[in-house]
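Numbering (full-length UniProt numbering), first residue to last: 1 to 440.
We treat Cβ as the ideally placed atom computed from N, Cα and C, and that holds for glycine.
Fair warning: this is a prediction, and the values are worked out from it, not measured in the lab.
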Amino acid sequence: MKTYGCQMNVYDSQRMSDALAADGYQPTEAIEDADLVLFNTCHIREKAAEKVYSEIGRVRKLKDARARQGRETLVGIAGCVAQAEGREMIRRAPTVDFVIGPQTYHRLPDAVARARAGEKVIATDYPEESKFEHLPHAPRAVQTKRGVAAFLTVQEGCDKFCTFCVVPYTRGSETSRPVRQIVAEAERLAAAGVRELTLLGQNVNGWHGEGPDGREWGLGELLYRLAEVPGIARLRYTTSHPRDMDDALIAAHRDLPALMPYLHLPVQSGSDPILKAMNRRHKASDYLRLIDRIRAARSDIALSGDFIVGFPGETEADFQATLDLIAQVGYAQAFSFKYSPRPGTPGAELGDHVEEAVKDERLQRLQALVNSQQAAFNQGLVGRTIDLLIEKPGRRPDQKVGRSPWLQPVVIDAHLGEIGDLRTVRVTGTGFNTLMAEAA
Ligand code: 5AD
Ligand code: SF4
């Protein structure tokens, strides 16, 4: 199993591993040994999608070599490239035995069985209602390891249709998982030793559902409920859309100590004409006002964002407006990309393309600014005491690595605690995105 792309794919790969483990498959690091090779793919930008085709080229040679030794190799493509191009893929690449889309993973064991019997399987069409029929939970013994911090998908899909984005086409329309299922999975994870949960969704803060009290809940209400799950000490959620940040969710940031003070809230651009062309349906000033409200609720909240440079029609003044917004907000972390036209999206039909060299130059300027903000944020923590969750052994045997409330890895002395412990420590220094700390 090889996973590309977002955290949702990481989560899906774990669930697929669990399901395949129930059929007797075990993960391997050595691809030459694999009887089944499954790529969980990403379609978000052209570069990500292209990787699949080079993987298929490589695996074809492997498959031929194994066939000469009389060993069969099944090759499956899962994820968003499978959803978008699966049909075409299986026609063009005879190496591929089955393709399975993100809404169809509950049919994975069946797809593998049929492929084994020699059928070319295309499992990418999905009835809306089956989206959260996800894979059955594997018995504990065959569950792949989760560690002390785990993902939990609560929402999938997107109805926002930003003009640059393939997600509404590959992940389908916005669907929320029922409260009961989410709480049950949280309890199961907590019982397996998980202390920190990150709720996942393409529009996670658009999550809604009927609460046990019979009222309509939003993500805010769900977080209050999950904070009560015994053993769960920390909560996070990603990715959010500015239009779905409601009052209850902002109040949860004020009221819940377990809700970590870190929010990924992409804005993409600081220019109103570009935001309009992107169909973001908010202005730069709406976003800034929202940030003020969130900071009023939780003053130590750190923000991170996503930015696209070189969207069609972006002028130097538009780009400058993005830099101005970044300067006003002050990000602890940011992810930035050159615009990549995606087939089937409205953006791909727009003229007035920005030259590649200009995109490169803008990306560099933007990244220089956010990198300096990130360095300043981390530097500001030196000398302060912070909480951390110890997550794993360090690179050296006398070290362990924990995670700060703001997601930085924190290197500490191994004897400060065991994996899964929460500790208060004093920050002594920083790397680009790591902190060093000692006993407080
Ligand atoms: N080109 C460049 N970046 C994109 N993103 C989404 N679609 C594209 C595209 N076509 C970025 C957005 C989004 C992040 C996950 O990827 O910034 O928030
Ligand atoms: Fe894509 Fe926009 Fe939906 Fe995010 S909100 S997944 S960027 S269409």
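Exercise. Does any heavy atom of the ligand 5AD sit closer than 7 Å to the C-beta of residue 312?
Worked result: no
For this session: Whole angstroms is fine: what's the gap from residue 91's alpha carbon to residue 83's?
Result: 14 Å
Exercise. Grouping DSSP H, G and I as helix and E and B as strand, with all else coil, what is residue 436?
Worked result: strand
Exercise. Is any heavy atom of the ligand ATP found at a distance shorter than 7 Å from the C-beta of residue 165?
Worked result: As presented, the structure is devoid of the ligand ATP, carrying the ligand 5AD and the ligand SF4 as its sole ligands.
For this session: Using only the heavy atoms of the ligand 5AD, determine whether one of them is closer than 7 Å to the beta carbon of residue 266.
Result: The answer is yes for residue 266.
Exercise. Relative to the ligand SF4, is the shortest distance from any of its heavy atoms to the C-beta of residue 241 smaller than 7 Å?
Worked result: yes
For this session: Buried or exposed for residue 373, please, with buried defined as at least 16 other CB atoms from any protein chain shown within 10 angstroms of its CB.
Result: buried
Exercise. Can the beta-carbon of residue 277 be found closer than 8 Å to that of residue 311?
Worked result: Cβ distance < 8 Å, so residue 277 and residue 311 count as in contact.
Exercise. Cα separation between residue 423 and residue 391?
Worked result: 11 Å
Problem set entry | Pick from 188, 205, 231, 337 that is closest to residue 222, judged by C-alpha positions | 205
For this session: Take the Cβ of residue 67 as the centre, count every other Cβ of all protein chains shown within 10 Å, and call the residue buried at 16 or more, exposed below.
Result: exposed
Exercise. What number of angstroms, rounded off, separates the C-alpha of residue 241 from the C-alpha of residue 400?
Worked result: 35 Å
Exercise. In terms of DSSP beta bridges, what is residue 337 paired with?
Worked result: 308
For this session: Would you please state the rounded distance, in angstroms, between the beta carbons of residue 177 and residue 158? I believe it to be under 8 Å.
Result: Not confirmed; about 15 Å, so no contact.
Exercise. What residues in its chain sit with their C-beta under 8 Å from that of residue 141, if we drop five residues either side in the sequence?
Worked result: Per-residue confidence for residue 141 stands at a pLDDT of 48, beneath the threshold of 50, marking its modelled position as unreliable; no derived number is given.
Exercise. What residue does the alpha helix (DSSP H) around residue 371 start on, and which one ends it?
Worked result: Run containing residue 371: 356-379, per the alpha helix (DSSP H) assignment.
For this session: Can you grab the Cα-Cα spacing for the pair residue 117 / residue 74, in whole Å?
Result: 11 Å
Problem set entry | DSSP bridge partner residues for residue 40 (one or two, in chain order) | 3, 78
For this session: Return the first residue and the last residue of the alpha helix (DSSP H) that residue 50 is part of.
Result: 46-68
Exercise. Does the Cβ of residue 205 lie closer than 7 Å to at least one heavy atom of the ligand SF4?
Worked result: no
Problem set entry | When 381, 421, 420 are compared against residue 428, the one with the closest alpha-carbon | 381
Exercise. Do residue 41 and residue 59 have their C-beta atoms within less than 8 Å of each other?
Worked result: no
Problem set entry | Proximity winner among 214, 120, 218, relative to residue 207 (alpha-carbon distances) | 218
Exercise. For the putative contact between residue 19 and residue 108, defined by C-beta atoms under 8 Å, what is the C-beta separation to the nearest angstrom?
Worked result: 6 Å
For this session: Let me know the secondary structure DSSP gives residue 122 once reduced to three states.
Result: strand
Problem set entry | Whole runs of the alpha helix (DSSP H) within the segment 229-275, excluding any shorter than 4 residues | 247-255
For this session: Rank 23, 169, 267, 132 by C-alpha distance to the C-alpha of residue 175 and give the top, closest one.
Result: 132
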